[in-house]
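What follows is one structure encoded as C-alpha cells, with my remarks underneath.
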Amino acid sequence: MSTTVTTIDRSQRTRSFARVLGPFIAVVPAIVAVRAASLGGLLSSFSTDPMWPWMTGALLFFGGSFIIAFHQFWRGIAAVIISLFGWFLLLRGFVLLAMPQAIVNAAQSATQPSGSTIGLVRIGFGLLALCGIYLTYVGWVKKSD
887 MSTTVTTIDR SQRTRSFARV LGPFIAVVPA IVAVRAASLG GLLSSFSTDP MWPWMTGALL
947 FFGGSFIIAF HQFWRGIAAV IISLFGWFLL LRGFVLLAMP QAIVNAAQSA TQPSGSTIGL
1007 VRIGFGLLAL CGIYLTYVGW VKKSD
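In my numbering, the protein residues as written are 887 to 1031.
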C-alpha cells in the first residue's frame, strides 16, 4: 500500500480545506473587525465561567491538530495560509488551555473603545478576512491546476 501524496492530491486537499476554511475565515474576522469596540462585554462574560475558555481552547487545539495532521503542504499561497492557520489554532488553543487569563486580558485591553489598539485589531482582522476571501476564491471559484 503506497502512501505517496501526488501533486494532484495536494492540490485537491488544499482546495477542499480552502472550501471549508475560506468562508469561515472571511466572515468571522470581518465581523470582529467591524464590531471590535463592542466585544469587550462578550469577553468579560466569556471569562466569568472557566468552562468557556477551557472548552474553546480544547476545540481550537483540536481544530489546529486536525489541520496540521491532514494538511502539511507549503507550496502555494493558499496552502501556506491553511497550514499557518492550523498552527495558529493549535498554539492559541494551547495558550487558552494553559493560561486562559493571559488571552482574556490581552483581548479585553485590545478591544477597549478608547484604546489605541482598536485600530490595529481592526486592521489585523481585516487582513485575516482578506485571506479568507482568497481561500474562498481558491476553494470555490478558481479552476483546478
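Glycine is no exception: its CB is placed at the ideal position from the N, C-alpha and C atoms.
message = In chain order, what are the residue ranges of uninterrupted alpha helix (DSSP H) at least 4 long that sit wholly in the region 971-1030?
response = 986-996, 1004-1022
request  = Please state if the CB of ILE911 and the CB of GLY1018 are separated by a distance shorter than 8 Å.
outcome  = What you label residue 1018 is simply residue 132 of the sequence shown in a count that begins at 1. What you label residue 911 is simply residue 25 of the sequence shown in a count that begins at 1. Cβ distance < 8 Å, so GLY1018 and ILE911 count as in contact.
query = Taking buried to mean at least 16 other C-beta atoms within 10 Å of its own C-beta, is ALA1035 buried or exposed?
reply = Summary: the structure shown does not reach residue 1035, with the chain confined to residues 887 through 1031, and so no result is reported for it.
query = Where THR985 and SER1030 are concerned, what is the direct C-alpha to C-alpha distance, given to the nearest angstrom?
reply = For the purposes of this step, residue 985 is taken as the residue at position 99 of the sequence shown. For the purposes of this step, residue 1030 is taken as the residue at position 144 of the sequence shown. Looking at the sequence provided, one finds Met at residue 985 rather than Thr. Their Cα atoms are separated by approximately 42 Å.
message = Quick check: the Cα distance between ALA922 and TRP960, rounded to an integer number of angstroms?
response = Taking the sequence shown and counting its residues from 1, the one referred to as residue 922 is at position 36. Taking the sequence shown and counting its residues from 1, the one referred to as residue 960 is at position 74. Taking the straight line from one Cα to the other gives about 32 Å.
query = Which class does LEU925 belong to by DSSP, given the choice of helix, strand or coil?
reply = Along the sequence shown, one-based indexing puts residue 925 at 39. LEU925: coil per DSSP, three-state reduction.
task = Please say whether TRP940 and LEU983 have beta carbons closer to each other than 8 Å?
result = The residue labelled residue 983 in the question sits at position 97 within the sequence shown. The residue labelled residue 940 in the question sits at position 54 within the sequence shown. Judged by their CB atoms, LEU983 and TRP940 are nearer to each other than the 8 Å cut-off.
ask   = Cα separation between PHE947 and LEU976?
value = As a working note, residue 947 is residue 61 in the sequence shown. As a working note, residue 976 is residue 90 in the sequence shown. About 4 Å.
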